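Engineer: Under the numbering used here, think of the first position of the sequence shown as 3, with each following residue one higher.
Glycine is no exception: its CB is placed at the ideal position from the N, C-alpha and C atoms.
Keep in mind it's a predicted model, so treat the numbers as computed, not measured.
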Amino acid sequence: MANKRTMGPPRVQIQTQSGCNGRCVFCPNEEVLKSDLEQGKMPVPMFQKIIDELAETKPRRVSLYLMNEPTSDKRMPEFIRYVSERIPSATTLITTNGTYLTEERLEAYIDAGLKRLKVSLQSLDPEKNRELMGYSSEKVVENILNAQALIKRKKARKFDFRVSMLVTSVNGKEIEKTREFWRHNGVRLVTSSLENRGGNISEAADLNVGAMRSMGDCIRPSREMCILFNGDVALCCVDWHRTVVAGNVWRQPVSDVWNGPTYTRIRKALHEGDAANLPPICVNCTESACPNHHRRGLKGIVSRLTGAGQPAS
Numbered sequence: 003m004a005n006k007r008t009m010g011p012p013r014v015q016i017q018t019q020s021g022c023n024g025r026c027v028f029c030p031n032e033e034v035l036k037s038d039l040e041q042g043k044m045p046v047p048m049f050q051k052i053i054d055e056l057a058e059t060k061p062r063r064v065s066l067y068l069m070n071e072p073t074s075d076k077r078m079p080e081f082i083r084y085v086s087e088r089i090p091s092a093t094t095l096i097t098t099n100g101t102y103l104t105e106e107r108l109e110a111y112i113d114a115g116l117k118r119l120k121v122s123l124q125s126l127d128p129e130k131n132r133e134l135m136g137y138s139s140e141k142v143v144e145n146i147l148n149a150q151a152l153i154k155r156k157k158a159r160k161f162d163f164r165v166s167m168l169v170t171s172v173n174g175k176e177i178e179k180t181r182e183f184w185r186h187n188g189v190r191l192v193t194s195s196l197e198n199r200g201g202n203i204s205e206a207a208d209l210n211v212g213a214m215r216s217m218g219d220c221i222r223p224s225r226e227m228c229i230l231f232n233g234d235v236a237l238c239c240v241d242w243h244r245t246v247v248a249g250n251v252w253r254q255p256v257s258d259v260w261n262g263p264t265y266t267r268i269r270k271a272l273h274e275g276d277a278a279n280l281p282p283i284c285v286n287c288t289e290s291a292c293p294n295h296h297r298r299g300l301k302g303i304v305s306r307l308t309g310a311g312q313p314a315s
C-alpha cells in the first residue's frame, strides 16, 4: 500500500548547513540564496536527536548533504563519526562539487567512517564545466586525482568513490571520452538523467538531449526523508523553495513526521495518479525521457548526440 506505515525512512538526507559555492544551471541554488528563505547551520543537539531516533529504525543510507555543499561544513567529520557509531549498518554518503575536497578533509571523513563519496563534475573541459557549474574543472580534477591517490595509500578498498555527471546537451558528446579518462585513473563514473527539479529549472528543455517526461509514480516521498538545517522536512530533494514542509524533526519525532498526514496524502496521490491531490511541485516535475541511459549504458544517447550510426548525408 502506498500509505503503509513504516517505522522510519529507508534513506535520509540531512542538510547540516545551507548554501553552496557552485552556480550550477541545473540547480536553483542562486535563486534560493537570493530569496527571503531562512539560511543557517543545524545545531549539534538537533543533529544528534535526529540520528538517535534514526538509530531505532536503522535507515539503509544516511546522506550528509541536501541542496548544499557539505564539505564547507567544518563539523562534518564529527557528524560522520556520530552516524557511524550510532547507525553502523547505514551507508554514509556525501555528494560534493569537489572544490573543497582536500586530502586532509577526505582523510578525516574516511577515518570518521564515511563509506561513500561522490563528486559532481560535469565536464573535463574547463569552460564547459564553467558553463554548467559556474567554475573551471581544472582544480576539481586535480582534487579527485589526489583523493584517489589517498584512498590507495590508505588501502581503503571498501571506500566507494565516484564521479557523477548529468547528461546534457552541453556535455553529452564527451561522455565516453570522460568515462575512459576516469577509468584510466581508477575512478568510477556514474551518469544520470537531467530533471527540471519540480519546475524550478527554466533551462531544462534546452539542456535536455530529448523530450522531458513526467516523473509519474515518484517513489522519493516513500523512500527518502529530506531534513533541512532548521529541522523542517522538505517533501523531497528537489523542493528547493520548501513549498511542502511535512513537519519539523526538532519539535516532532522523526517517525511521526515520516508517517504524518502530508507524506501519507502525497504518497497515496502519487500511487493513484491523482493530480488533484498533488502539490504543484509534483505536478510540474519532469525528467529526461532518455530511457535509463545511465543504468543501461550510453550507446543510444551518444549515437544520437554524435550522429554515429546515421546514414551519411
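Taking the C-alpha atoms as reference points, what is the distance between V246 and A151?
Structural biologist: Rounded to the nearest angstrom, the two C-alpha atoms are 42 Å apart.
Engineer: Using alpha carbons as the reference points, say which of E178, T73 and P11 lies closest to S125.
Structural biologist: Taking only the C-alpha atoms, the option nearest S125 is E178.
Engineer: Do F161 and V189 have their C-beta atoms within less than 8 Å of each other?
Structural biologist: No, they are not a contact pair.
Engineer: Whose C-alpha, out of M217, L134 and A92, is nearest the C-alpha of N286?
Structural biologist: Comparing Cα positions, the closest option is M217.
Engineer: Pull up the distance between the alpha-carbon of C29 and that of L95, whole angstroms please.
Structural biologist: In a straight line, the C-alpha of C29 is about 20 Å away from that of L95.
Engineer: Would you list, in sequence order, the uninterrupted alpha helix (DSSP H) runs of no fewer than 4 residues that lie entirely inside the region 253 to 295?
Structural biologist: If we require 4 residues or more, the alpha helix (DSSP H) runs fully inside the region 253 to 295 come out as 256 to 260, 263 to 274 and 282 to 285.
Engineer: Does R118 come out as helix, strand or coil in the three-state DSSP assignment?
Structural biologist: If DSSP states are grouped into helix, strand and coil, R118 belongs with the strands.
Engineer: Classify K76 as helix, strand or coil using the three-state DSSP reduction.
Structural biologist: Residue state, collapsed to three classes: coil.
Engineer: Which word fits K76, buried or exposed, when buried means at least 16 other C-beta atoms lie within 10 angstroms of its C-beta?
Structural biologist: Classification of K76: exposed, given that the 10 Å Cβ count is below 16.
Engineer: Would you mind giving the Cβ-Cβ distance between I2 and V256, rounded to the nearest angstrom? I have them listed as a contact below 8 Å.
Structural biologist: This structure cannot settle anything about residue 2, because the visible part of the chain is limited to 3 through 315.
Engineer: Quick one: what does DSSP say I146 is sitting in, helix, strand or coil?
Structural biologist: I146 falls in the helix class under three-state DSSP.
Engineer: Would V211 be called buried (16 or more neighbouring beta carbons within 10 Å of its own) or exposed?
Structural biologist: Counting Cβ neighbours within 10 Å, V211 comes out buried, since at least 16 surround it.
Engineer: Please state whether the Cβ-Cβ distance between G10 and F231 is less than 8 Å.
Structural biologist: No, the pair does not count as a contact, with Cβ atoms beyond the cut-off.
Engineer: What are the residues that DSSP puts in a beta bridge with G21?
Structural biologist: Per DSSP, N70.
Engineer: Starting from the C-beta of E140, find all residues in its chain whose C-beta is less than 6 Å away, skip the five residues before and the five after it, and write them out in chain order.
Structural biologist: If we look at E140 and ignore the five residues flanking it on each side, its Cβ neighbours are P128.
Engineer: Count the other CB atoms within 10 Å of the CB of G249; is the residue buried (16 or more) or exposed (fewer)?
Structural biologist: That one is buried.
Engineer: Which residue comes first and which comes last in the beta strand (DSSP E) that contains A236?
Structural biologist: Segment D234 to A236, the beta strand (DSSP E) holding A236.
Engineer: Who are the near neighbours of E71 in its chain, counting only those whose CB is closer than 8 Å to its CB and skipping five residues on each side?
Structural biologist: Result list for E71: G21, C22, N23, G24, T98, N99, T101 and Y102, in chain order.
Engineer: Quick one: Cα of V64 to Cα of A277, how far?
Structural biologist: C-alpha separation (whole angstroms): 30 Å.
Engineer: Take the Cβ of K36 as the centre, count every other Cβ of all protein chains shown within 10 Å, and call the residue buried at 16 or more, exposed below.
Structural biologist: The residue in question, K36, is exposed, as its Cβ has fewer than 16 Cβ neighbours within 10 Å.
Engineer: If I follow the unbroken alpha helix (DSSP H) through Q50, where does it start and stop?
Structural biologist: First-last of the alpha helix (DSSP H) with Q50: V46 to T59.
Engineer: Could you tell me the distance, in whole angstroms, from the CA atom of V142 to the CA atom of N261?
Structural biologist: One C-alpha to the other measures close to 40 Å.
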